[in-house]
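Asker: In mature numbering (1 follows the signal peptide of the UniProt record, and there is no 0), the protein residues as written are -18 to -1, 1 to 83.
Quick reminder that beta carbons are idealized off the backbone N, C-alpha and C, glycines included.
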């Protein structure tokens, strides 16, 4: 009984502090977006206390370069972070030559 009470007290003392919060974003869904549209979604994410997007990218996405260019331009303008999340299931494996974007 006392152990349960002690554990309850100790659990009440635990505090979590996230360093950064990232939302998962499928880049292919925004392949036709302008920089301004990226900014709209980034502002919405910032309003929800997100620090950045984890950009899900496929190896065989032909529009990836232009999409990333627009995404990073918008993020840079708004002080938003971007990291890559390599999608191996959607487009197969990334080659060692192309995974160093």
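Per DSSP, what kind of secondary structure is residue 52 in: helix, strand or coil?
Answerer: Of the three classes helix, strand and coil, the one that applies to residue 52 here is helix, per DSSP.
Asker: Smallest Cα separation from residue 9: which of 2, 50, 42?
Answerer: Checked all of 2, 50, 42; the closest Cα to residue 9 is 50.
Asker: Please report how far the alpha carbon of residue 31 lies from the alpha carbon of residue 25, in whole angstroms.
Answerer: Rounded to whole angstroms, residue 31 to residue 25 spans 10 Å at the Cα level.
Asker: Mind checking who residue 98 pairs with in its DSSP beta bridge?
Answerer: Only positions -18 to 83 of the chain appear in the structure, and residue 98 is not among them; the question remains open.
Asker: Excluding the 5 residues preceding and the 5 following residue 17 in the sequence, name in chain order all residues of the same chain whose CB lies nearer than 7 Å to its CB.
Answerer: For residue 17, where only same-chain residues beyond five positions count, the Cβ hits under 7 Å are 52, 55, 56.
Asker: Can you tell me where the beta strand (DSSP E) with residue 63 in it begins and where it stops?
Answerer: Per DSSP, residue 63 belongs to the beta strand (DSSP E) from 63 to 69.
Asker: Give the straight-line distance between the Cα atoms of residue 65 and residue -10, rounded to the nearest whole angstrom.
Answerer: Approximately 38 Å between the Cα atoms of the pair.
Asker: If we call anything under 7 Å between Cβ atoms a contact, is residue 5 one with residue 27?
Answerer: In contact: residue 5 and residue 27 (Cβ atoms closer than 7 Å).
Asker: In its own chain, which residues sit with a C-beta less than 7 Å from the C-beta of residue 79, not counting the 5 before and 5 after it?
Answerer: Cβ within range, chain order: n/a, list empty.
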